[in-house]
Structures are given as C-alpha cells and as structure tokens.
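Just so you know, the protein sequences line up as chains A and B, in that order. Read in order, the letters of the first sequence are residues 479 to 778 in this note's numbering. Read in order, the letters of the second sequence are residues 479 to 778 in this note's numbering. Worksheet for the structure shown next.
There are 2 protein chains.
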Amino acid sequence: MKAAESDFMAWMGSVQARMENALSRLLPAAGLAPARLHEAMRYATLEGGKRVRPLLAFAAGELVEAPAQRLEAAASAIELIHAYSLVHDDMPCMDDDVLRRGKPTVHVEFDEATALLVGDALQSLAFQVLSEHRLADDPAAQLEMVKTLAAASGSRGMAGGQAVDLESTGRTLDLPELEFMHIRKTGAIIRAAVVLGAGCGRPLPEDRRAGLDRYAKCVGLAFQVVDDVLDAEASTATLGKTAGKDSKHNKPTYVSAMGVARAKAFAEELRADAHASLAAFGERGARLRQLADFIVLRKF
Amino acid sequence: MKAAESDFMAWMGSVQARMENALSRLLPAAGLAPARLHEAMRYATLEGGKRVRPLLAFAAGELVEAPAQRLEAAASAIELIHAYSLVHDDMPCMDDDVLRRGKPTVHVEFDEATALLVGDALQSLAFQVLSEHRLADDPAAQLEMVKTLAAASGSRGMAGGQAVDLESTGRTLDLPELEFMHIRKTGAIIRAAVVLGAGCGRPLPEDRRAGLDRYAKCVGLAFQVVDDVLDAEASTATLGKTAGKDSKHNKPTYVSAMGVARAKAFAEELRADAHASLAAFGERGARLRQLADFIVLRKF
C-alpha cells in the first residue's frame, strides 16, 4: 500500500470510529423509555455503513480548521438524516427490502410501525443535534446550516428525489431526468455534508465556496453512478444489501440509460471534475481529492 | 352570543384565515416537480383542522407583543409537524384510518409510499420554515426554538408518545402511564406551540415563563382528555374523523381508565389549573384563558 493510501485509510478509520462514538452518545440510551423505539433507533444508526457523508463533512472541515467537536455534531446530524431515509426507503410500501448493511432491515427486525417512528424520530434528532451544539461562531450562520439541511432533506431535496424515483419505476428516464432525480435523492445530502462541514470553521470567500459546491455536486452524482454500477455488477454479500434490485424492480439507472462501460466512464469524468473544482485549495484539498477517489473507485 | 365570546370567535377566525394563507404560501406549489408529492403535501395540510396549536402560539405571542409575521412562521412550523404526524399516524401500519378532517386520508387519496414521503417532507419543511425566517431578535434564541420543536417532535416527545401508544394497545394503563404517554404524544407539541409563540416577542422573566409552561401542560393534557371523551361520545360526522376507534382498537384512554364522568371532571380541573397558571398576566392572559375554555368545552 502506498503511504498516501495508508494515511487515507487511517484517517477514514479514525473518523468512522469517532462517528460511532458520537452517534452512540447522541442517540437516546436503549434502556430509556420508550425502550423499543430507542433500541430500534440505535439498531438503525450504529455499527453500519461507510459514513461517506460524515467523511465528506470532516474533509471539508479540515479546509477551514474546523474544530473536531463541531464536525462531529454536524456530521452526526447529516448521518441521522441518512439513517432515517434508509429505514423509510426499506419499508414495504417503498423498496420493500429485507437486508441493509448485512443485517435485517428495521421493519423486519422490529415491525413496520416501529420503522416508521424510528425514521420520524431520527429526523427530529438530526435537527435537535444541529441546534443544540455550538457549530459556528455566529448563531445566524448556524441557523443557515439548519436551513441547508432541512432544504436538502425535504420535498425539493432527498424526499423529492425519492418521490421521482417512485414515479419513474417502470418508465424510461432520459439523462436529464435521471440527473434531476439523483441530484435530489443522494446529491442534496452529500452537498449539505460538505457545506455543513465547511460551515464549522472559518468563513470561506465566495469563489472557494463555489468550488467546494461544485466538488460536492460532482461527488454526489458520481456516488450514485457508482452505486448503479455496483448494483448491476457486485454481489449481495459484498454490498451488505440486496444486489441487482434496480433491474429487478425495473428502475431507471445510469446502467440502464447508458450501459456499464459508459456509466463507468461518466463516473471517471465526474471524479476528474471534482478534482479540478478544488484547484484553488492546492495541497489543502488533498483529503477531499482522496475521498472523491475512494467514492468512485470503491467496490462496495 | 356574549360580546367576549363573539370577540373570541372573530379572533379565532382571523388567525385560522391567516394560517391558511401562510401555509399555502410556505408549501411548495402543487405544479412544482415532483408534482404529486407537492399536491399531496398541500392536501394533507391545507383546509383542515381547527389549528389549535397555531391559536395557542398566537395567543401566547400576544402576551409579549410578538409581530404577527413571526408568529405566522413559528405557528406554521408547528402545524407542519402536526400535519406530518397525522399523515403517518393514519397509515395502515399505524392506526390504519381512512378518514381525516372529513376527507380520505393521504394514503387512501394518494398511496402509501406518497403518504410516507409527505410526512417526511412536511417535517423537513417545518425546520426549514423555523430556520429561514427571522423569528427572534437574537439568532441564538431562535436556535433554541429549533431545538425546542425538534425535542418536542422526537423520541422523547411526540414520536415517543406514539411508540408508547402502539405498545399499550390491548393493555391496561394506569393513570401515571396514561399521562406519560399523552404528555409526549399531544402535550409536547402543544407546549412547544406556546413556547415558540412566546419566543417571538420580548423576553419574559423566568416566573412568567414557568406560569406559561404550566398553562401549556394543563391545556395539552386537557386536550387529550377531551379528545378521549369525544371519541367515546361524538359521531364520526361531527368529528370529521372516525369516532369510537379507541375502544374498537382496545386503546387505553382516560375514558377507559376513569369513565366518562370522571374524565370530564378531570378536564374541568385542568381548565381551572390552566386559568390559575396565568394569574400573574392579569388581563393580558384573557386570550389564553378563552382558548383553554374553547379546548375543554369544544364539541368536535
């Protein structure tokens, strides 16, 4: 393993461990009433996932010397929103999936009503975390962060992307329609992760913020393109979630729209574009560049 | 009709009209993509309900000369949380109800997946509204309002009360257990409505805030007791939602725990206690007193 790669892996491991710790502390204890709900909230959130969004928040935070404690809270809020969306997306009335992160989904392990409430309560907790910890020197800037996450989660962000996804099952989407869906479904929260991470440190000039935003847009889209490729090519065991379900459910994906080879080339273009967007940051952008590479080149 | 009563009815009508307007403006337009989701969000929120929580926010705001524009935004955030909770509570995996505010419930009029996303997106919108409008002179105080609403909505507030409700179906709850459930299920958001309304104006001294909080606690509990009585006694046509469903679903209520007569007496006690909590406000507390009367004496 090259030195840069091993340094990146060590950094990733330390952020992941830090997040596990922070989330465990921020989630209500499993014994606290209502105990079953709290147990299920912890089941849905802890010990799972690559924590891609928190990694993005931490990497963006490093650009602006953001204190780790602030980044932990901001990244936890993002991850709680992500966790809630997975619980609801897996429910029978949505994707009806039984496996997530190698474990039974929440409505399978508990029950449907609990899964519904788990998602609802995780969303509330995200906004509680974002408002009760000091994340920015200026409280008005922190209110702006709340607004960013709320807008990214809502009907013009993640929930809206999910609605388009539902409507498009069985239909053919052209590339602009696919992009409209994914910029909302996954892209909005990924962009929010970068914006919130950068918001925890010293303010950036407008052009740097624009570069960072372009980076986040490229990475968000690349993430989805790679997800579609993996769903088509990888196995359920490798993914820890049901593979091949896009084509089984007749869902439009980048693979169905452009084929595997062109989808891979597109992800590669987005990765190059993400790198280019960070040019003005010089050496400081190294972590975000490594993260873009990790997201595009991952095998799971 | 007495003059005070007619004045109260006029005030109530004007707040309700103002809220209809505000909510219609804050919700995404029905034609905006994803159109079906936005249409369903508007269906779930507009033209419905007594707007009890907004009325409480406005009445509390009048105590502190809060500007109406701020109250509109704060009360809209509260009402969006309430609307989301109704959509999710009516879903088949929860109360499985087909009628709400005299209309088919969202999952009946649209579909289950849409109902799930409508609730999710309405919750996000509540926090967006609460963070993107100026509600307090001090942005730090406004962050505190975000935290109040998030905590009231989450696993130790409304969603937690709902979880206890689920677990208790078919069981007998004693009075402390019933109160534990209702303080969360309905009480938490009602208290948040009063706190947020009061937060939109000039700051109150600690003892006045405590009095207001006691008022909100009494009214929140009274609201639920009266709800239980109405569910047992009123007709579906009067309520605009399915009547008698508590006993049909074998749910513990104040009526099942203490009988109709004692439940009515308990509501009356809570009303007196709510009035007493406002003593220090003198004449200024008139609106909140009228509102407590309205909530306890309502027939629908």
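Glycine included, C-beta positions come from ideal geometry on N, C-alpha and C.
**OP:** Would you give the residue range spanned by the alpha helix (DSSP H) that B:THR650 belongs to?
**Re:** Where B:THR650 is concerned, there is no enclosing alpha helix (DSSP H), given that its DSSP letter is neither H nor E.
Original post:
In chain B, which residues lie with their C-beta within 8 Å of the C-beta of A:ALA637?
Top reply: For A:ALA637, the chain B residues whose Cβ falls inside 8 Å of its Cβ are LEU515, LEU595, ASP598, ALA599 and SER602, in order along the chain.
**OP:** Just mark B:LEU741 as buried or exposed, buried being the case when its beta carbon has 16 or more other beta carbons within 10 Å.
**Re:** The amino acid occupying residue 741 of chain B in the given sequence is Ala; Leu does not appear at that position. Answer is buried; the Cβ neighbour count reaches 16.
**OP:** Determine which residues share a DSSP beta bridge with B:LYS581 and list them.
**Re:** Listed as beta-bridge partners of B:LYS581 by DSSP are B:ARG578.
Original post:
DSSP state of B:ASN728, grouped into three classes?
Top reply: Here B:ASN728 sits in coil by DSSP.
Original post:
Going straight from the alpha carbon of B:ALA488 to that of B:TYR562, what length do you get?
Top reply: Pairing B:ALA488 with B:TYR562, the inter-Cα distance amounts to about 28 Å.
Original post:
If we count Cβ pairs, one from each stretch, closer than 8 Å, do we get three or more for the segment 551-571 of chain B versus the segment 689-703 of chain B?
Top reply: Segment contact: the segment 551-571 of chain B against the segment 689-703 of chain B, fewer than three CB-CB distances shorter than 8 Å; contact not assigned.
Original post:
A:HIS727: buried (16+ other C-beta within 10 angstroms of its C-beta) or exposed?
Top reply: Burial is judged here by how many other beta carbons sit within 10 angstroms of a residue's own beta carbon; A:HIS727 has fewer than 16 and is exposed.
**OP:** Scan the segment 667-690 of chain A for residues whose Cβ lies nearer than 9 Å to a Cβ of chain B and list them as they occur along the chain.
**Re:** If the cut-off is 9 Å between Cβ atoms, the segment 667-690 of chain A has nothing near chain B.
Original post:
A:LEU621 touches chain B at which residues, Cβ-Cβ below 7 Å?
Top reply: The answer, in chain order, is SER609, PRO617, GLN620 and LEU621.
**OP:** Quick one: using the 10 Å Cβ neighbour count with 16 as the cut-off for buried, is A:ARG762 buried or exposed?
**Re:** The residue is exposed, with fewer than 16 neighbouring Cβ atoms inside 10 Å.
**OP:** Run down chain B in chain order and give the residues with a C-beta less than 7 Å from the C-beta of A:GLU590.
**Re:** Under a criterion of Cβ atoms nearer than 7 Å, the residues of chain B adjacent to A:GLU590 are, in order, CYS571.
Subject >> Test: B:LEU577 CB closer than 9 Å to a CB of chain A >> reply: For B:LEU577, no Cβ of chain A is located within less than 9 Å of the residue's own Cβ.
Original post:
Residues of chain A with CB under 7 Å from B:ALA750, in chain order?
Top reply: By Cβ distance, chain A contributes nothing, its closest Cβ being about 30 Å from B:ALA750, past 7 Å.
**OP:** Going by CA-CA distance only, name the one from A:LEU608, A:ALA770, A:ARG612 and A:GLU543 that's closest to A:VAL697.
**Re:** Among A:LEU608, A:ALA770, A:ARG612 and A:GLU543, the Cα nearest to that of A:VAL697 is on A:ALA770.
**OP:** Output, in sequence order along the chain, the residues in the segment 642-666 of chain A whose CB is closer than 7 Å to any CB in chain B.
**Re:** Near chain B, meaning a CB-to-CB distance below 7 Å, the residues of the segment 642-666 of chain A are VAL642, LEU644 and GLU645.
**OP:** Output the residue ranges of the alpha helix (DSSP H) runs that lie fully inside the segment 601-639 of chain B and measure 4 residues or longer, sorted by chain position.
**Re:** Whole alpha helix (DSSP H) segments, 4+ residues: 617-631.
Original post:
Is DSSP giving A:LEU748 helix, strand or coil here?
Top reply: Here A:LEU748 sits in helix by DSSP.
**OP:** Quick one: list the residues of chain A neighbouring B:VAL624, beta-carbon separation under 7 Å, in chain order.
**Re:** Within 7 Å of the CB of B:VAL624, the CB atoms of chain A belong to PHE605, SER609 and VAL624, in sequence order along the chain.
Original post:
Taking C-alpha atoms, which residue in B:MET519, B:LYS625, B:VAL738 and B:ARG776 lies nearest to B:ARG503?
Top reply: Nearest C-alpha to B:ARG503: B:MET519.
Original post:
Can you name the residues of chain A whose CB is closer than 7 Å to the CB of B:HIS566?
Top reply: Listed along the chain, the chain A residues whose CB falls inside 7 Å of the CB of B:HIS566 are LEU594 and ASP598.
Original post:
Given A:ALA508, which residues of its chain have a CB within under 8 Å of its CB, disregarding the five upstream and five downstream residues?
Top reply: Around A:ALA508, the same chain offers HIS516, GLU517 and ARG520 as residues with beta carbons nearer than 8 Å, after the five sequence neighbours per side are excluded.
Subject >> Residue closest to A:HIS560, alpha-carbon to alpha-carbon, out of A:ALA593, A:VAL586 and A:THR523 >> reply: Comparing Cα-Cα distances from A:HIS560 to each of A:ALA593, A:VAL586 and A:THR523, the minimum goes to A:THR523.
Subject >> Under 9 Å from the C-beta of B:GLY509: neighbouring residues of chain A >> reply: B:GLY509 does not reach chain A, its nearest Cβ partner there being about 13 Å away, counting only Cβ pairs nearer than 9 Å.
Original post:
What span of residues does the alpha helix (DSSP H) with A:ARG692 cover, start to end?
Top reply: If you look at A:ARG692, you'll find it in the alpha helix (DSSP H) that goes 684-711.
Original post:
If you scan the segment 498-585 of chain B from start to end, which runs of the alpha helix (DSSP H) of 4 or more residues do you find wholly inside it?
Top reply: Taking only runs of at least 4 residues, the alpha helix (DSSP H) segments lying wholly in the segment 498-585 of chain B are 513-523, 530-541 and 546-567.
Original post:
In chain A, what lies closer than 7 Å to B:ARG634 by C-beta?
Top reply: What B:ARG634 touches in chain A: PRO506.
Subject >> Rounded C-alpha distance that separates B:ALA710 from B:THR720 >> reply: It is roughly 11 Å from the alpha-carbon of B:ALA710 to the alpha-carbon of B:THR720.
Original post:
Helix, strand or coil: which one does DSSP assign to B:THR720?
Top reply: In this structure, B:THR720 counts as coil in the three-state DSSP scheme.
**OP:** Between the Cα of A:ALA599 and those of B:HIS660, B:ASP575 and B:GLY635, spot the shortest distance and give me the residue it belongs to.
**Re:** Ranking B:HIS660, B:ASP575 and B:GLY635 by Cα distance to A:ALA599 puts B:GLY635 first.
**OP:** Taking A:GLY677 as part of the alpha helix (DSSP H), name the residues at either end of that continuous run.
**Re:** First-last of the alpha helix (DSSP H) with A:GLY677: 666-677.
Subject >> Cβ contact check for the segment 614-623 of chain A and the segment 583-600 of chain A: 3 or more pairs under 8 Å >> reply: No, because fewer than three Cβ pairs between the segment 614-623 of chain A and the segment 583-600 of chain A fall closer than 8 Å, the two stretches do not touch.
Original post:
Taking the Cβ atom as the reference point for each residue, do B:GLY675 and B:ILE661 lie within a distance shorter than 9 Å?
Top reply: Cβ distance not < 9 Å, so B:GLY675 and B:ILE661 don't count as in contact.
Original post:
If you measure from the beta carbon of A:SER492 to each beta carbon in chain B, is any gap under 9 Å?
Top reply: Not an interface residue.
Original post:
Could you give the residue range of the alpha helix (DSSP H) that holds A:PHE772?
Top reply: A:PHE772 -> alpha helix (DSSP H) spans 764-775.
Subject >> Close beta carbons around B:GLY527, own chain, < 7 Å, minus the five adjacent residues each side >> reply: Excluding sequence neighbours, B:GLY527 sits near ARG579.
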